[in-house]
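Numbering-wise (the working numbering), the sequence shown opens with residue 119 and increments by one. C-beta atoms are modelled at their ideal positions from N, C-alpha and C, and glycine is treated no differently.
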Amino acid sequence: MAVNITNRADAEAIIREQIVSNIFQDAPKNSVFMGMAKKLPNMTSNQTRIRVLDFLPTAYWVDGDTGMKQTTRQAWDNVYLTAGELAVIVPIPDAVISDAEFDIFGEITPRIMEAIGQKVDAAVIFGDNRPREWQADLITLARQAGNNVSPAAGKDYYDLILGENGVFAKVEDDGFGVSGAIAAMTFKSKLRGLRDTTGQPIFKNNMQEVSRYTLDGAPITFPENGGFYPDIAQLVVGDFSQAVYSIRQDVTVKILDQGVIQDPATKEIVYNLAQQDMTAIRIVFRMGWALPNPATRMNEDRTGCAFAYLEPGTPLTTQKVTFTVTEESGASKGTRINVDGAILVTDDNGKAEFNLRAGSYTAKITKKGFASMTETIVVEKTAVTKEITLVAQK
Numbered sequence: 119m120a121v122n123i124t125n126r127a128d129a130e131a132i133i134r135e136q137i138v139s140n141i142f143q144d145a146p147k148n149s150v151f152m153g154m155a156k157k158l159p160n161m162t163s164n165q166t167r168i169r170v171l172d173f174l175p176t177a178y179w180v181d182g183d184t185g186m187k188q189t190t191r192q193a194w195d196n197v198y199l200t201a202g203e204l205a206v207i208v209p210i211p212d213a214v215i216s217d218a219e220f221d222i223f224g225e226i227t228p229r230i231m232e233a234i235g236q237k238v239d240a241a242v243i244f245g246d247n248r249p250r251e252w253q254a255d256l257i258t259l260a261r262q263a264g265n266n267v268s269p270a271a272g273k274d275y276y277d278l279i280l281g282e283n284g285v286f287a288k289v290e291d292d293g294f295g296v297s298g299a300i301a302a303m304t305f306k307s308k309l310r311g312l313r314d315t316t317g318q319p320i321f322k323n324n325m326q327e328v329s330r331y332t333l334d335g336a337p338i339t340f341p342e343n344g345g346f347y348p349d350i351a352q353l354v355v356g357d358f359s360q361a362v363y364s365i366r367q368d369v370t371v372k373i374l375d376q377g378v379i380q381d382p383a384t385k386e387i388v389y390n391l392a393q394q395d396m397t398a399i400r401i402v403f404r405m406g407w408a409l410p411n412p413a414t415r416m417n418e419d420r421t422g423c424a425f426a427y428l429e430p431g432t433p434l435t436t437q438k439v440t441f442t443v444t445e446e447s448g449a450s451k452g453t454r455i456n457v458d459g460a461i462l463v464t465d466d467n468g469k470a471e472f473n474l475r476a477g478s479y480t481a482k483i484t485k486k487g488f489a490s491m492t493e494t495i496v497v498e499k500t501a502v503t504k505e506i507t508l509v510a511q512k
């Protein structure tokens, strides 16, 4: 005789599901750069000027009791922090807000803060979507100073990092000490895989303690906010106290229930908040940063850099940008060329060579006794040459 029961399939429609009372998500990640660089007082206007030592005085030995004492000079330069703006608007229908079991804006805001941190790191370190008012990114500045190290046959990561010509040495040769390092998460396995001649791991952690990774005493951070680009650099090291930033407008959150939202490209109205019963959250953040690079006894001409990086197996493509500077007497030796913060000095032939990625750059050409000049350089897929003729000041 058949026995009938009401099974789970029959009662599925009325079985109450257990719902976890929170949304499972990873903790938001903030900007790594802003956590390591030096924070200046908040900006009081769109642009802040930093005075930097540009030329160091020299002392001379006096020959005998009646020898003539020589003169010297000291000079300063201006470095500017210009505020760049990050902003986003998130529109949500009021009906969705009313029907949601969670505070939607409360869930969205931390993720936008994370996105701000990611954008700051990507722009400052790698130049991704860098505001045109900002100076060049850390990778570009280090590249012009020759502070890039390429993986080479016969060299392991210990040599590439801490060896005589490794990234630490590049920073130290320019007169700076490495205070920190940043690397992709995948770089951890490369460090753990290093062994000495006896097969013992070089980089060790105490198995009974939770400790941070360090390289020669400098802490190394592995960003989790998506702001580190391993296709540009495997490892970035430097003296982060030399990099400064300032906030013009701290993160500002505003709730909007009136107004329209336009498509940025076509300018067509996409949403009318009042007419369509929608509410939007608008978040704005403004900041500026700089690597002032003042003159020091080990970096008198300011052509060095406090940062260096380890290239990936396939280095990022750059183009040679050659400046040839002349004056009335011929080739102009010792002319300073500043390309968005990267400084080189012309050689005996009046030449200075940069290696730049595709983009638009501003070059300032200066030499004592001559009028300063400003040129715009556009780098695309081929080498660029620029000829400059200095005009003497009267």
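**Message:** Within 10 Å of its beta-carbon, does V285 have 16 or more other beta-carbons around it, so buried, or fewer, so exposed?
**Reply:** Under this definition V285 is a buried residue.
**Message:** Quick check on R250: buried or exposed, where buried means 16 or more other Cβ atoms within 10 Å of its Cβ?
**Reply:** It is exposed - the Cβ of R250 has fewer than 16 other Cβ atoms within 10 Å.
**Request:** Could you tell me which residues DSSP puts in a beta bridge with W194?
**Result:** Paired residue(s): L171.
**Reference Q352, options L158, A302, A201 and M186, closest by Cα** = When each option's Cα is compared against that of Q352, the closest is A302.
**Request:** Grab me the residues of I215's own chain with a C-beta within less than 7 Å of its C-beta, minus the 5 sequence neighbours each way, in chain order.
**Result:** If we look at I215 and ignore the five residues flanking it on each side, its Cβ neighbours are I222 and T397.
**Asked** Since Q437 is in the beta strand (DSSP E), which residue starts that stretch and which ends it?
**Response** The continuous beta strand (DSSP E) containing Q437 extends over residues Q437 to E445.
**Request:** Locate the beta strand (DSSP E) running through M405, then write down its first and last residues.
**Result:** From DSSP, the beta strand (DSSP E) with M405 extends over M396 to A408.
**Asked** Residues bridged to G477 by DSSP?
**Response** DSSP links G477 through a beta bridge to V497.
**Prompt:** In the DSSP assignment, what residue or residues form a beta bridge with R313?
**Reply:** P319.
**For M491, the residue or residues it bridges with in DSSP** = Looking at the DSSP output, M491 shares a beta bridge with I483.
**Item:** S216: first and last residue of the uninterrupted alpha helix (DSSP H) it sits in
**Value:** Its alpha helix (DSSP H) spans residues D212 to D217.
**Asked** Should N411 be labelled buried (16 or more other beta-carbon atoms within 10 Å of its own) or exposed?
**Response** N411 comes out buried.
**Y258 - DSSP class collapsed to helix/strand/coil** = Strictly speaking, residue 258 in this sequence is Thr, with Tyr absent from that position. Looking at T258 - three-state DSSP - the assignment turns out to be helix.
**Request:** Using a threshold of 9 Å, state whether the C-beta atoms of R404 and R366 are closer than that.
**Result:** Contact flag set, yes.
**Prompt:** So I226 packs on V208, CB below 8 Å; how close in whole Å?
**Reply:** Approximately 6 Å separates the beta-carbon atoms of I226 and V208; this is inside 8 Å, confirming the contact.
**Request:** Express the C-alpha separation of V150 and D277 in angstroms, rounding to a whole number.
**Result:** Going from the Cα of D277 to the Cα of V150 covers about 26 Å.
**Request:** Decide if F220 is buried, meaning its Cβ has at least 16 other Cβ atoms within 10 Å, or exposed.
**Result:** F220 should be labelled exposed.
**Message:** Let me make sure I understand the geometry here. Which of D181, I230 and V443 has the alpha-carbon closest to that of N148?
**Reply:** Looking at the Cα atoms, I230 is the closest of the given residues.
**Message:** Taking a contact to mean a Cβ-Cβ separation below 9 Å, would you say R475 touches L434 in this structure?
**Reply:** In contact: R475 and L434 (Cβ atoms closer than 9 Å).
**Request:** Tell me, please, whether the CB atom of I455 is closer than 9 Å to any CB atom in chain D?
**Result:** This model lacks chain D altogether, as it is built from one protein chain only.
**Message:** Using a Cβ-Cβ cutoff of less than 6 Å, which residues in the same chain neighbour Y347 once the five nearest sequence positions on both sides are dropped?
**Reply:** If we look at Y347 and ignore the five residues flanking it on each side, its Cβ neighbours are F244.
**Prompt:** What are the residues that DSSP puts in a beta bridge with T370?
**Reply:** Its beta-bridge partners are V402.
**Request:** Go through its chain and collect everything with a Cβ distance to D465's Cβ below 8 Å, but skip five positions before and after it.
**Result:** Cβ neighbours of D465 beyond the five flanking positions: K451.
**Asked** Based on Cα-Cα distance, which residue from M416, M152 and F321 lies nearest to Q236?
**Response** For Q236, the nearest C-alpha among the options comes from M152.
**Prompt:** In this structure, does DSSP put R454 in helix, strand or coil?
**Reply:** The three-state reading of DSSP puts R454 in strand, counting E and B together.
**Item:** Buried versus exposed, by CB contacts within 10 Å (16 or more), Q262
**Value:** Q262 should be labelled buried.
**For Y331, three-class secondary structure by DSSP** = The answer is coil: DSSP assigns Y331 none of H, G, I, E or B.
**Message:** Please state the DSSP three-state secondary structure of S359.
**Reply:** S359 sits in a helix when the DSSP states are folded into three classes.
**Prompt:** Out of curiosity, what's the CA-to-CA distance linking V378 and G335?
**Reply:** The alpha-carbon separation between V378 and G335 amounts to approximately 54 Å.
**Request:** If I'm right that T432 touches G468 with Cβ under 8 Å, what's the distance once you round it to whole angstroms?
**Result:** Contact between T432 and G468 does not hold, since the beta-carbon distance rounds to 34 Å and is not under 8 Å.
**Request:** Express the C-alpha separation of S490 and A510 in angstroms, rounding to a whole number.
**Result:** Linking A510 to S490 through their CA atoms gives a straight-line distance of about 10 Å.
**Request:** Under 8 Å Cβ to Cβ from N160, same chain only, skipping five residues before and after it: list those, please.
**Result:** Excluding residues up to 5 positions away in sequence, S364, I365, R366 and D368 lie with their Cβ nearer than 8 Å to the Cβ of N160 in the same chain.
**Message:** Taking its Cβ as the centre, do 16 or more other Cβ atoms sit within 10 Å of W194, making it buried, or is it exposed?
**Reply:** Burial call: exposed.
**Message:** Here's a check: name, in chain order, each residue in its chain whose Cβ is nearer than 7 Å to the Cβ of L204, leaving out the five neighbours to either side.
**Reply:** These residues qualify, in order along the chain: I234, K237 and F403.
**Prompt:** Using the C-alpha atoms, what's the distance from P337 back to P146?
**Reply:** The predicted position of P146 is uncertain, since its pLDDT is 47 and thus under 50; no value can be drawn from it.
**Request:** Would you list the one or two residues that DSSP bridges to E203?
**Result:** Partner residues in the beta bridge of E203, as assigned by DSSP, are R404.
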